[in-house]
Amino acid sequence: MAKMNMLQAINNALDMAMAANDRVLCFGEDVGVFGGVFRATSNLQQKYGKDRCFNTPLVEQGIIGFANGLAAQGSVPVAEIQFADYIFPAFDQIVNESAKFRYRSGNLFDVGGLTIRAPYGGGIAGGLYHSQSPEAYFAHTPGLKIVVPRNPHQAKGLLLGAIHDPNPTLFFEPKRLYRASVGEVPEEDYRLPLGEAEVLKEGTDITLLGWGAQMEVIGQAVDLAEKEGISCEVIDLRTILPWDVNTVVESVLKTGRLVVSHEAPLTGGFASEISATIQERCFLYLESPIARVTGMDTPFPLALEKEYLPNHLKVFDAIRASVEF
Amino acid sequence: MAKMNMLQAINNALDMAMAANDRVLCFGEDVGVFGGVFRATSNLQQKYGKDRCFNTPLVEQGIIGFANGLAAQGSVPVAEIQFADYIFPAFDQIVNESAKFRYRSGNLFDVGGLTIRAPYGGGIAGGLYHSQSPEAYFAHTPGLKIVVPRNPHQAKGLLLGAIHDPNPTLFFEPKRLYRASVGEVPEEDYRLPLGEAEVLKEGTDITLLGWGAQMEVIGQAVDLAEKEGISCEVIDLRTILPWDVNTVVESVLKTGRLVVSHEAPLTGGFASEISATIQERCFLYLESPIARVTGMDTPFPLALEKEYLPNHLKVFDAIRASVEF
Amino acid sequence: MSTTTKAEVVHTPTFTDGAEFRIPTFQVLKQDGTLHEGAQAPALDKDQALRIYRTMIFTRVLDERMLAAQRQGRLSFYMQCIGEEAAIIGSAAALDEDDMIMAQYREQGALAYRGFTTDEFMNQLFGNEMDYGKGRQMPVHYGSAKLHYMTISSPLATQIPQATGYAYGQKLAGDGKCTIVYFGEGAASEGDFHAALNMAAVHRVPVIFLCRNNGYAISTPSVEQFAADGVAPRAFGYKMDVIRVDGNDVLAVHEATRLARRMAVEENRPVLIEAMTYRLAAHSSSDDPSGYRSKDEEAVWREKDPILRMRHWLQGREWWSDDEEKEIQERLRREVLETMKKAEKRPPPPLESLVTDVYDQVTPELSRQLDNLKSHIRRYPDAYPKTAGQVRGGE
Amino acid sequence: MSTTTKAEVVHTPTFTDGAEFRIPTFQVLKQDGTLHEGAQAPALDKDQALRIYRTMIFTRVLDERMLAAQRQGRLSFYMQCIGEEAAIIGSAAALDEDDMIMAQYREQGALAYRGFTTDEFMNQLFGNEMDYGKGRQMPVHYGSAKLHYMTISSPLATQIPQATGYAYGQKLAGDGKCTIVYFGEGAASEGDFHAALNMAAVHRVPVIFLCRNNGYAISTPSVEQFAADGVAPRAFGYKMDVIRVDGNDVLAVHEATRLARRMAVEENRPVLIEAMTYRLAAHSSSDDPSGYRSKDEEAVWREKDPILRMRHWLQGREWWSDDEEKEIQERLRREVLETMKKAEKRPPPPLESLVTDVYDQVTPELSRQLDNLKSHIRRYPDAYPKTAGQVRGGE
Ligand SMILES: Cc1ncc(C[n+]2csc(CCOP(=O)(O)OP(=O)(O)O)c2C)c(N)n1
Ligand SMILES: Cc1ncc(C[n+]2csc(CCOP(=O)(O)OP(=O)(O)O)c2C)c(N)n1
Ligand SMILES: [Mg+2]
Ligand SMILES: [Mg+2]
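Protein chains in written order, with full-length UniProt numbering: chain A, 1 to 325; chain B, 1 to 325; chain C, 1 to 395; chain D, 1 to 395.
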């Protein structure tokens, strides 16, 4: 075990994947000698050469188009999009191409080797275009996997899981935690499973569900709630698509209450899918409406970011409202 | 009143808008002399000249970028995307630009004049890339309006409503109904309101909710259900964003049951948003889980399209299951 | 760091649009089948020449027959490549058999040249249980892993940056292979085109960009697609080698591609080839060109038929005869017809194919959806004649 | 219809990458402030020249002061334009005051030239209640409707096709106005660039595309951005007029832009200008260039300082003196500092600004969300020091 922050854990995962398989390549804007604007790819070019870790021209649709082709060829591309806010020029290549490559060819061809990394989320005074959480935009797309880690240990294990998963995977990294989240990380190669949620804490009164940076917020809210004697079960979804319905259903069958929280706007956010599904599966067990604590239905603001974000107090309010319903 | 099919109604709306205001422009791939691959823009170039109705080069991101600029300048662009499946290269221009233009500038600039038309939906043996219903991809984007008409009368009134609405609006046209749906259409200029659902039929046992071509399917299912003595209330949402929560809430408070149906895949489809919201607002009134009858979580198939689509029998099954819950 | 190499300096402002720098068109064959003066004898031997020619005849027969089938309502959709056979097959023939081909949709000739059988074509066109694509895509969306022909995807131009990436992988693999990517002059307007060519030039990958400039993108004539003299001059913007060829001249196309392949594979120099040709037929079976172009214009191009031109050349060399022509036409017509009849009778892909290949494995949620569908079909077997038989019996 | 104009025909295959067709760089001023031999006297009169020069000094002072403020933690973020003042201000000065400017983010000089006040700059930088953008965007995302300066948007290159559309609207309006759009050589790699230039050429719109080729896109040097000799040769691919200028030569930039504007407005000919310059500072306050380039390289370019070059010219004409220089430097420093102090004390935008301008009117759902937020803040006023005061009292 070693103490690492999340960037170090990610860098370590990339390093390990590149060392183990020389078909693994890392590229994107400023990913080369500079090691990425957040330094997630530090030293990889120095270690593995310019052929395997390199800058691309500034064109996201090209980066992912190129990555799709590489993956189809049998390479294992790990493409970086500098900010998740800038993934949209590549939306067609991801949603119409990566996601449908295997299906449309009847499994003659696939881009299963593809992993797309992108820093997401707010809390860094980034305003409209350095703060977005776009997971729900992709979660409506069968064929993709979407993963979000909550801490360094998870980041390394899930990233290695994503790189080795034989399906195109989006890996959204909570940039607010890049340096802020520090923890023990095994030094060896380990892969956490995709498609499995993790119950972080058991409880009986209410289930709290989130992913990524929001897990920290949920943790703070749970601390407040437990002080008031509310027993909380906490689940990190980890994989947004395909998501682990059963773990959540099981929990809600027990607690009868669910609060889902994410930073992205309310309408059409992934909490809506969870809520819709859980009320289908747990209808007779629900003791209060499933609550969503999310960003507001606006672009991401700057000066009033604090007011906008679904912080622990808002989550705590929702827990209380649910329990008192 | 005149008998028109949906294409004629759309063409008539465009004609009327162009006649009334010479800042209204129509453009897109093959929109000019040919009048569009579906002929929605027939004769408009002949009538209003090449400056106001024209072919663009084949580049969706350019079409919408160009349209954003035109709208910012004060023109009223009506841009056509040839198939909704091909709107994704323009995703960034729509989601990061059109939607956020007014907000980010503090209302100094806006692209309120923009309307984007695109044929959507299945049932025409179109396979993966001529069948998609992408409304939910956009419904997670504050700042956009999204409208879907169900018949010629609605198409004309809503399109004129969209063109005159001072917000960027996506207008998805159910191409399966282009020629199949025929009805009486007023000859004058009339505008149907955006953001208002329409109760097509009152009933007491269950609420059926949909939009666009799915309204026809829901109608057939309701016929079957009423034969079994189930009294159905039918609502056409018409505007997906911002959607008319109150009309749906009111209905469900009365009926206690809700089935939402759309063609797009289940996971992350807009039915999930509706379900999540309605269970929040009507929790104590719900007599059975809110049901979603949708496309499957796969790309759109071809040979087994019939099996894939949420047809009237599947909707009928859901009605029965809900009533018998 | 200076961002350009030392360039000339001027002190009076001069604008240029490069118009004076014209890119000529490379031609070898005249329409009568003789070589232009100064043209080199082609590198094609008789076997390969005949293989090309037979493939051309095959696709012509296939195209005519399948459009007719579409008109008869036997097929939902079809796209012909009539008029562009030389551009497509001439270039494909200049490749190694295991170079990767990434096509747009009108390149059935390249696939036929590689040996895709009539049966394989038909299974895709009818989306039956033997279609490699499992009946999921519209007709003409062929693919073959064994023939290194990437399955067609309808969204235009997406395959162009993919080709750059594919070729980058080939370069790293060091296997001496390259990728050719076909696209129309319309698709070249997409952002993906720009991305692909720029990245290929920067990363020096073995890829050949072959633009079929056939004058139209559906109804849009190329003068409304771009103001420039074709697509070729764009290569300068990427510092990429480019050649423009008469796309109806199979020898010119073949030679240009052969040389381009050498540059790509031996020097990692990506190359753009612009093949000037004409889409003689409608865009697709859904299109009617009479709404946007004249019969006269079409007639001019019908005179330049690439198949006839090649036939003249072959017959001039006595590699081909009228009898052989008659024989092959009849044989292929029969073969296409008979194969079609078999293919259209084959059953559709199994119900399970709705949920396979979305991921490498069927997810629990998709299993659930499939189970629900099966129960539903069992309740309403009459409504699902194609698949009811598959679910009869067990619940 | 032939898809190219009658072009030359050749019978031996010839590839070209256009390298022999070099685009020269237009220069007027030498670094010592004298004119190159053969260079025309510029069209600038003294008033305008001084207005340009003063604007350059202003942005230099602003940039230095605001980076310092960022370092002191008073500002979250900043971007300097140091080294590129001539390219930006020289071009803006060649426009009509109500031509539209669509900038990338590093063009504060164009806005300052139009008369954006120090106070207006500061209000945006501090996102206070007087910021036109209502504190929603990061620092340097300026906009001004009255000065025809489109609000900056972070996603790169999106403004380029928007400029084409804006200019198309101007052309139809027939008001004799045009649009200039600024972007970096990095942004020019985006698909939107390709779309924008092609559409502008096809539709003949009055737009000037001004590429600031400053050698870097963050850490990526232009040799990893494109293989070609800069961005200029791309114009040939669109049949667009292009000129390359020394971007550190204010007279050359001004003259090129003046002529380009005439072509745009009088002949509806879009023009590409590539201004060769250098980003002397870090990409932004978050960047440290020592990780990817040498001090030596920077030193070479510091020698070519565009402000110094202009000052030499002005002093050569006796339009400017050392005393004036000293006076303006001191005055602007003081002004920037004082204005900053006022701006940073102004309160943030009101809570309501969270939900306004999403649509033309606040939707019922957004009202509901705002009401919920207000109740929440009332419950936890200490957690929201910026806005608690606004909701005190009524529920
Ligand atoms: C992204 C995208 N936009 C639009 C279409 C619809 N479409 C299909 S083919 C076509 C024209 C293509 O023209 P070109 O590239 O010149 O090829 P050609 O048909 O002439 O061979 C269009 C607009 C599409 N398939 N994909
Ligand atoms: C679509 C998009 N991708 C990536 C970024 C992140 N980014 C901001 S500036 C920049 C470099 C831009 O370089 P260039 O266009 O040359 O302009 P310069 O900074 O040199 O003025 C990058 C990659 C972005 N803002 N938008
Ligand atoms: Mg074409
Ligand atoms: Mg730059």
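Cβ coordinates follow ideal geometry from the N, Cα and C atoms, glycine included.
Spanning the alpha carbons of C:A167 and C:A173 requires a straight line of approximately 10 Å. Taking a C-beta distance under 8 Å as the contact criterion, C:Y78 and B:F34 do not qualify as a contact pair. Residues of the segment 106-129 of chain A that bring their beta carbon within less than 8 Å of a beta carbon in chain C comprise G106, N107, L108, F109, D110, G112, in sequence order. Between C:A187 and D:A201, the beta carbon gap of about 18 Å keeps them out of contact (Cβ cut-off 8 Å). In the structure shown, D:E185 adopts coil according to DSSP, grouped into three states. In this chain, the alpha helix (DSSP H) harbouring D:R71 covers 46-71. Nearest to B:D205 by alpha-carbon distance, out of B:S272, B:A225, B:Q45, B:C282, is B:A225. Around B:A139, the same chain offers I146, I240, L241, F270, E273 as residues with beta carbons nearer than 7 Å, after the five sequence neighbours per side are excluded.
In the DSSP assignment, the residues bridged to D:M100 are D:T179.
Put simply, the CB of C:F21 is near chain D, with a gap under 8 Å to one of its CB atoms.
With respect to the 8 Å criterion, D:I273 and D:I208 are classified as neighbours on the basis of their beta carbons. A distance criterion of 7 Å places the beta-carbon of C:Y182 beyond contact range of ligand 3, judged by its closest non-hydrogen atom. At the C-beta level, A:F316 and A:E287 stay beyond 8 Å of one another. For D:K345, no beta strand (DSSP E) encloses it; the enclosing alpha helix (DSSP H) starts and ends at 322-345. When the Cα atoms are used, D:H254 and B:T277 turn out to be separated by approximately 58 Å. By the CB criterion at 8 Å, D:T339 and D:D175 fall outside the cutoff. The alpha carbon of A:P149 has as its nearest neighbour, out of A:A2, A:I319, A:A13, the alpha carbon of A:A13.
In chain order, D99, A167, Q170, P206, V207, I208, R261, A264, V265 place their CB closer than 7 Å to the CB of D:C178, counting only its own chain and leaving out the 5 sequence neighbours on each side.
Counting only beta-carbon distances shorter than 7 Å to the non-hydrogen atoms of ligand 3, the qualifying residues in chain order are C:G184, C:E185, C:G186, C:R212, C:N213, C:N214, C:G215, C:Y216, C:A217, C:R279. In the DSSP assignment, the residues bridged to A:N55 are A:G28. At a cut-off of 8 Å between C-beta atoms, B:K100 counts as an interface residue with respect to chain A. In the three-state DSSP reduction, B:E273 falls in the helix class (H, G or I). If you check the C-beta of A:E29 against ligand 2, you find a heavy atom less than 7 Å away. Interface annotation for the segment 364-392 of chain D against chain B: E365, criterion Cβ-Cβ distance under 7 Å.
With a contact defined as Cβ atoms closer than 8 Å, C:F26 and C:A256 qualify at about 6 Å. Fully enclosed alpha helix (DSSP H) runs of no fewer than 4 residues occupy 234-238, 250-267 of the segment 232-291 of chain C, in order along the chain.
The segment 83-100 of chain B and the segment 50-67 of chain B touch, with no fewer than 3 CB-CB distances between them shorter than 8 Å. Our two residues, B:V37 and B:G123, have alpha carbons roughly 18 Å apart in a direct line.
At a cut-off of 8 Å, the C-beta of B:T298 has a neighbouring C-beta in chain C.
D:T220 has a beta carbon lying within less than 8 Å of a beta carbon in chain A. Here C:I328 has I57 as same chain residues with Cβ atoms under 6 Å from its own Cβ, once five neighbours each way along the sequence are excluded. Closer than 7 Å to some heavy atom of ligand 2: that describes the Cβ of A:P89. Per DSSP, A:K254 is one residue of the alpha helix (DSSP H) stretching across 245-255. Taking a Cβ-Cβ threshold of 9 Å, none of the residues of chain D is close to C:G127; the smallest such distance is about 33 Å. Taking each of A:I319, A:F300, A:K227 in turn and checking the Cα distance to A:S131, the smallest one comes out for A:F300. Residue pairing from DSSP places C:Y216 in a beta bridge opposite C:P221.
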